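Engineer: Under the working numbering, think of the first position of the sequence shown as 105, with each following residue one higher.
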Amino acid sequence: MEEEKVAPPSLPSLKAAEAMEEDMLTQLDHLAEAESYIKTLRARIDKQKQRKELASATTKAAVKDNLGMPGVTATATKPGPAGLPVVEVWHQHTNLEVAVIVGSGLDKERLIFHKVIAVLEEEGAEVVNAGFSIVSDKIYHTFHSQVRGHQHMQKESKH
Numbered sequence: 105m106e107e108e109k110v111a112p113p114s115l116p117s118l119k120a121a122e123a124m125e126e127d128m129l130t131q132l133d134h135l136a137e138a139e140s141y142i143k144t145l146r147a148r149i150d151k152q153k154q155r156k157e158l159a160s161a162t163t164k165a166a167v168k169d170n171l172g173m174p175g176v177t178a179t180a181t182k183p184g185p186a187g188l189p190v191v192e193v194w195h196q197h198t199n200l201e202v203a204v205i206v207g208s209g210l211d212k213e214r215l216i217f218h219k220v221i222a223v224l225e226e227e228g229a230e231v232v233n234a235g236f237s238i239v240s241d242k243i244y245h246t247f248h249s250q251v252r253g254h255q256h257m258q259k260e261s262k263h
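#1: What does the alpha-carbon distance come out to for the pair Lys143 and Glu137?
#2: Where Trp194 and Val220 are concerned, what is the direct C-alpha to C-alpha distance, given to the nearest angstrom?
#3: Here's the rule: buried if 16 or more other CB atoms are within 10 angstroms of the residue's CB, otherwise exposed. What is Leu215?
#4: Is His245 helix, strand or coil when you go by DSSP?
#5: Classify Leu215 as helix, strand or coil using the three-state DSSP reduction.
#6: Report yes if the C-beta distance between Glu201 and His248 is below 8 Å; otherwise report no.
#7: Can you tell me which of the three DSSP states Leu135 falls into?
#8: Answer with buried or exposed for Leu224, where buried requires no fewer than 16 other C-beta atoms within 10 angstroms of its C-beta.
#9: With a threshold of 16 other CB atoms inside 10 Å of the CB of Ile238, please say whether the residue is buried or exposed.
#10: Could you check what DSSP says for Leu188 in three-state terms: helix, strand or coil?
#11: According to DSSP, is Ser140 helix, strand or coil?
#12: Could you check what DSSP says for Glu201 in three-state terms: helix, strand or coil?
#13: Mind checking Ala123: buried by the 16 CB within 10 Å criterion, or exposed?
#14: According to DSSP, simplified to helix, strand and coil, what is Glu227?
#15: Taking all protein chains shown into account, do 16 or more other C-beta atoms lie within 10 angstroms of the C-beta of Val204, making it buried, or fewer, making it exposed?
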């Protein structure tokens with residue numbers, strides 16, 4: 105029996121094999137980079153979720169803490185039963201901000217703007233700025249006020 109002679113691989117076929125191996129390494133590098141990037145994005149998303157949860161918890165705690173202070177009313181952040189307004193109240197020192205969200209379907213809902221101003225003034229607040237916006241089927245009222253007389257005291261203390 106004669107042994108078959110196997111020809112050694114030619115130079116072009118060796119170069120093709122090396123190029124193919126380099127392409128595979130390059131593809132693996134790209135996949136590794138993509139995997140690393142995805143992991144980085146996931147970490148950023150998790151961090152943002154934690155920040156959002158912390159901010160939400162902090163806001164809820166601040167509202168809960170402020171409920172015992174004079175002049176601060178409860179805050180309803182979730183829409184109530186149909187027809188009931190959503191009221192949010194924030195205060196800092198002598199400043200008080202009130203937001204009221206109501207449905208725009210009824211004419212009596214439009215009177216809330218004037219009613220809130222009247223209540224604030226009756227309770228000793230001076231309304232500095234007030235406005236409203238109508239978006240879709242909701243009216244968003246905002247009121248910025250201060251304890252009555254506080255603006256004048258600030259102006260006098262500057263002179």
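Positions of the beta carbon are idealized from the N, C-alpha and C atoms, including for glycine.
In this text, all values refer to a predicted model and were calculated from it rather than measured experimentally.
Structural biologist: Working from what's here:
#1: 10 Å
#2: Roughly 15 Å between the two C-alpha positions.
#3: exposed
#4: strand
#5: Assigned with DSSP and collapsed to three states, Leu215 falls in coil, not helix or strand.
#6: yes
#7: Leu135: helix per DSSP, three-state reduction.
#8: buried
#9: Ile238 comes out exposed.
#10: DSSP, read as helix, strand or coil, puts Leu188 in coil.
#11: helix
#12: strand
#13: Counting every other CB atom within 10 Å of its CB across the protein chains shown gives Ala123 a total below 16, marking it as exposed.
#14: coil
#15: Classification for Val204: buried.
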